[in-house]
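First the structure, in the form of structure tokens, and then the observations on it.
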Amino acid sequence: MQLFYREKGKGYPLIILHGLWGASENWLPVANLLAEHFHVFLPDLRNHGRSPRHPEHTYQAMSEDVREFITGLKLAVPPHIIGHSMGGKTVMELLLTYPSFVRKAILVDIAPVAYPLSAEHKRILHYMKSIPINEFKERKDLLISLRQQFPEEKFVQLVLKNISKTDKYFEWKTDPDFIQKNMENLCSYPATWEEATYRDPVLFIKGENSSYIQNITSILKYFPAARITTVAGSSHWIHAEQPEALAEIISAFLA
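Using UniProt numbering, read the sequence shown as starting at 1 and increasing by one per residue.
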């Protein structure tokens with residue numbers, strides 16, 4: 001699958017993978033801060049942003065997409081890679097399957113465990129499946145609907161990233177049915193991980209107010225050389241809430 005991507009800056013190559021319902025543009029504030037020292041590539045993962053849709057939405061499939069994407073860049077050196085949430089588990093699959101494919105890896109607020117479907121993701125999925133998006137004619141009416149459903153502006157903006165406008169109406173950039181059918185896989189992790197270990201250093205970055213990283217034992221099981229750090233004043237959406245602090249931690253680890 002040929003992924004749409006954005007790129008910023010010059011320097012050592014760095015790939016950034018967004019999370020569920022996200023897109024490459026969500027990470028532009030961080031990418032712009034890193035662009036002084038890195039050549040940053042930000043692909044849209046399958047079924048997100050401007051990349052193609054496909055009914056198979058598994059970590060194995062996304063990892064293969066990313067492997068093909070990196071191969072297609074024809075880089076002179078293995079890139080660094082960062083993954084947030086769903087993008088983080090995609091990076092884990094890449095590391096455990098192709099351990100020599102990247103140089104350094106950073107995993108943002110995600111662990112190699114099975115998660116229950118979060119309340120936020122349930123609300124987003126319910127909204128996408130229940131609202132007749134193509135009946136909205138004006139952006140202001142769409143915003144009213146979104147803000148009635150999502151009191152926090154960050155979720156309004158997240159859902160907006162999944163909406164595009166044609167000449168006549170709005171439409172979803174992704175197919176919520178594809179996501180729903182694969183949600184069990186997305187909340188868990190591939191069984192093949194049970195036989196795998198990645199022994200090079202990996203940085204796990206936790207949001208101070210997030211519950212996504214709790215089980216340190218599971219991290220060390222698959223990534224025994226892992227380091228873990230916390231970003232103060234942030235939830236699961238570290239890149240949106242604390243981009244400067246996050247970029248500083250990333251730069252220090254990749255130096």
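Just so it is clear, CB atoms sit at the ideal spot from N, CA and C, and this is done for glycine as well.
Work out the CA separation of I133 and M183 for me, nearest whole Å. 22 Å
Under the three-state DSSP convention, the category L75 falls into: coil
With C-beta atoms as the reference, is K89 less than 8 Å away from I110? yes
With three or more C-beta pairs closer than 8 Å as the rule, is the region 205 to 218 touching the region 233 to 244? yes
DSSP three-state label for G88, please. helix
Taking only the alpha-carbon atoms, compute the straight-line gap between I26 and T166 and give it to the nearest angstrom. Note that residue 26 is Asn in the sequence shown, not Ile. Distance between the alpha carbons of N26 and T166 is about 21 Å.
Got a sec, what are the start and stop residues for the beta strand (DSSP E) L203 sits in? V202 to G207
Within 8 Å, strictly: CB atoms of P78 and M92: no
Based on the DSSP output, what are the partners of W172 in its beta bridges? I163
With the cut-off set at 8 Å, would you say P176 and R199 are in Cβ contact? no
Which runs of the beta strand (DSSP E), 3 residues or longer, sit entirely within the region 191 to 240? 202 to 207 and 226 to 231
Return the first residue and the last residue of the alpha helix (DSSP H) that L125 is part of. A119 to S130
According to the neighbour-count rule (16 or more other Cβ atoms, all chains shown, within 10 Å of its Cβ), is P52 buried or exposed? exposed
Straight-line gap, L142 to L186 (C-alpha atoms, nearest Å): 28 Å
Figure out for me which residue from Q2, L246, V156 and P116 has the closest Cα to the Cα of R139. V156
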